[in-house]
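Residue numbers (my numbering), protein chains in the order written: chain A, 1 to 347; chain B, 1 to 98. We put the beta carbon where it would ideally sit given N, CA and C, even for glycine. These numbers come from a predicted model, not from an experiment. Below you'll find the structure, written out as structure tokens, and then a few comments.
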């Protein structure tokens with residue numbers, strides 16, 4: 001069994017790839033090798049020979065689905081990949097568009113439809129929420145930095161990139177600065193989202209035939225300066241569990257998803273902030289709380305019987321910590337020059 | 001249907017509107033309290049821990065007072081004020097309504 005995983009950028013705001021690999025490799029039900037897929041030779045996760053049996057560089061998502069397909073064909077000839085778990089927002093559409101071809105190669109993925117993916121996108125979230133009666137902060141799109149269409153009374157306000165990055169702006173100057181900063185990196189539109197005062201909660205699950213399997217909820221305990229969770233604790237909140245189930249059913253979602261909500265201090269209602277179409281970087285916490293969602297998604301992708309469970313431990317705490325990975329310069333040279341690297345296979 | 005439990009302390013009536021949530025609280029011996037439905041973490045002193053444990057066990061007001069007087073060797077007035085203070089603090093987290 002060879003499973004390929006993306007998103008191995010284990011940096012200060014880590015990608016979900018390394019936690020996904022750890023969930024798989026630490027499961028007694030997983031017997032196989034993990035192939036790392038990366039967009040940069042310096043993604044730290046691909047240098048870890050304890051996690052991966054090999055790693056390959058992929059063309060950037062902006063190059064399009066055909067280049068991705070060609071590259072995966074090449075990798076498949078060498079590795080016989082049985083399944084791929086993509087973990088990055090920006091690559092998902094490409095994977096969806098080549099899913100048929102991958103399926104013909106016997107490479108299995110658990111992905112949403114293109115329609116579902118687009119319906120939950122940041123730009124379409126207000127429309128989706130309105131259609132199904134979910135609350136969400138007021139959101140407007142900026143396509144021209146000189147036409148922000150907000151005023152002082154709307155402050156503070158979140159400025160968000162279409163895929164990544166978010167800043168809370170307290171002045172109109174901040175808004176302009178963040179719009180330019182985000183658009184320079186991720187392009188337009190940039191989103192301006194109403195700030196809802198309250199507590200943030202997240203859930204992760206795997207959608208399957210309109211059902212949410214193994215929902216795990218958490219609350220962030222410690223935030224980084226970018227507002228990302230550095231430490232989190234598992235909780236069981238009936239309201240969030242029910243909301244997650246309704247979202248999966250409404251979207252007919254297939255595959256991993258993370259639901260981000262704010263419990264408003266003002267009206268005590270959940271406001272849908274984001275629906276991330278992949279595993280979150282905190283997914284190892286779900287496994288520690290006894291629900292191995294990456295394993296479930298792999299089992300579903302392969303059409304195998306999945307570990308059907310919904311009970312998990314609350315009060316399990318997860319904290320990121322940084323450490324150093326020592327490697328040889330030749331590994332980086334090999335990746336730069338050949339676009340691939342091979343370690344010892346587990347099986 | 002869940003029945004709300006009432007406590008009358010110093011002339012004030014306190015109600016526990018959500019006993020199930022209260023019962024789910026994880027309380028450590030050191031006074032660290034974790035609410036698994038919201039992720040809230042707070043601390044309480046020995047008196048607070050004893051009151052919370054008693055509330056979880058659905059003890060009535062007289063039983064709570066008696067347990068505290070025996071444990072801390074203080075008079076009824078002091079105990080009543082301690083209970084009132086603690087229940088007032090609990091009301092901010094939604095466990096108690098006065």
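What residues in its chain sit with their C-beta under 7 Å from that of residue i, if we drop five residues either side in the sequence?
i	result
residue 170 of chain A	155 and 156
residue 255 of chain A	110, 111, 112, 206, 207 and 297
residue 291 of chain A	214, 216, 309 and 312
residue 285 of chain A	218, 232, 234, 316 and 318
residue 149 of chain A	140
residue 103 of chain B	Summary: the structure shown does not reach residue 103 of chain B, with chain B confined to residues 1 through 98, and so no result is reported for it.
residue 53 of chain B	27
residue 226 of chain A	13
residue 325 of chain A	44, 47 and 48
For residue i, decide whether its Cβ has a neighbour in chain A, counting only Cβ atoms nearer than 8 Å.
i	result
residue 34 of chain B	yes
residue 1 of chain B	Confidence at residue 1 of chain B is low in this model, with a pLDDT of 45, below 50, so its placement is unreliable and the value that follows should be read with caution. So, not an interface residue.
residue 80 of chain B	no
Measuring straight from C-alpha to C-alpha, what distance separates residue i and residue j?
i	j	result
residue 344 of chain A	residue 7 of chain A	21 Å
residue 267 of chain A	residue 98 of chain B	20 Å
residue 88 of chain A	residue 265 of chain A	31 Å
residue 29 of chain B	residue 49 of chain B	8 Å
residue 19 of chain B	residue 288 of chain A	29 Å
residue 131 of chain A	residue 251 of chain A	11 Å
residue 6 of chain B	residue 23 of chain B	16 Å
residue 51 of chain B	residue 280 of chain A	39 Å
residue 83 of chain B	residue 224 of chain A	38 Å
residue 88 of chain B	residue 55 of chain B	14 Å
residue 93 of chain B	residue 42 of chain B	10 Å
residue 173 of chain A	residue 182 of chain A	14 Å
residue 116 of chain A	residue 9 of chain B	55 Å
residue 90 of chain B	residue 186 of chain A	46 Å
residue 62 of chain B	residue 243 of chain A	41 Å
residue 293 of chain A	residue 240 of chain A	18 Å
residue 103 of chain A	residue 211 of chain A	23 Å
residue 263 of chain A	residue 200 of chain A	6 Å
residue 93 of chain A	residue 32 of chain B	46 Å
residue 277 of chain A	residue 204 of chain A	10 Å
residue 96 of chain B	residue 27 of chain A	43 Å
residue 127 of chain A	residue 34 of chain A	38 Å
residue 56 of chain A	residue 11 of chain A	18 Å
residue 75 of chain A	residue 107 of chain A	11 Å
residue 17 of chain B	residue 59 of chain B	15 Å
residue 53 of chain A	residue 342 of chain A	6 Å
At a CB-CB cut-off below 8 Å, which residues of chain A make contact with residue i?
i	result
residue 37 of chain B	235, 236, 237 and 238
Using a Cβ-Cβ cutoff of less than 6 Å, which residues in the same chain neighbour residue i once the five nearest sequence positions on both sides are dropped?
i	result
residue 260 of chain A	202, 273 and 274
residue 231 of chain A	221, 222 and 319
residue 101 of chain A	69
residue 306 of chain A	296, 299 and 300
residue 134 of chain A	272
residue 9 of chain A	15 and 43
residue 1 of chain B	Because the pLDDT at residue 1 of chain B is just 45, under 50, the model does not fix this residue reliably, and the point stays unresolved.
residue 34 of chain B	26 and 41
Can you list the residues of chain B that residue i reaches, using a CB-CB cut of under 9 Å?
i	result
residue 314 of chain A	24, 26, 34, 36, 37 and 39
Check whether chain B comes within 8 Å of residue i, counting only Cβ atoms and requiring the distance to be less than that.
i	result
residue 219 of chain A	yes
For residue i, collect the residues of the same chain with a Cβ closer than 8 Å to its Cβ; drop the 5 residues on either side in sequence, then sort them by chain order.
i	result
residue 79 of chain B	65, 68, 69 and 72
residue 97 of chain A	65 and 114
Within the present structure, is the beta-carbon of residue i separated from the nearest heavy atom of the ligand MN by less than 7 Å?
i	result
residue 218 of chain A	No copy of the ligand MN occurs in the structure displayed, which carries no ligand at all.
Worksheet item: Using 8 Å as the Cβ pair cut-off and three pairs as the minimum, do the region 294-301 of chain A and the region 33-48 of chain A touch?
Response: no
Worksheet item: Between the region 328-340 of chain A and the region 22-35 of chain A, do at least 3 Cβ pairs fall closer than 8 Å?
Response: no
Discussion item. Counting beta carbon pairs with one atom in the region 180-199 of chain A and one in the region 135-147 of chain A, are three or more of them shorter than 8 Å?
Written reply: yes
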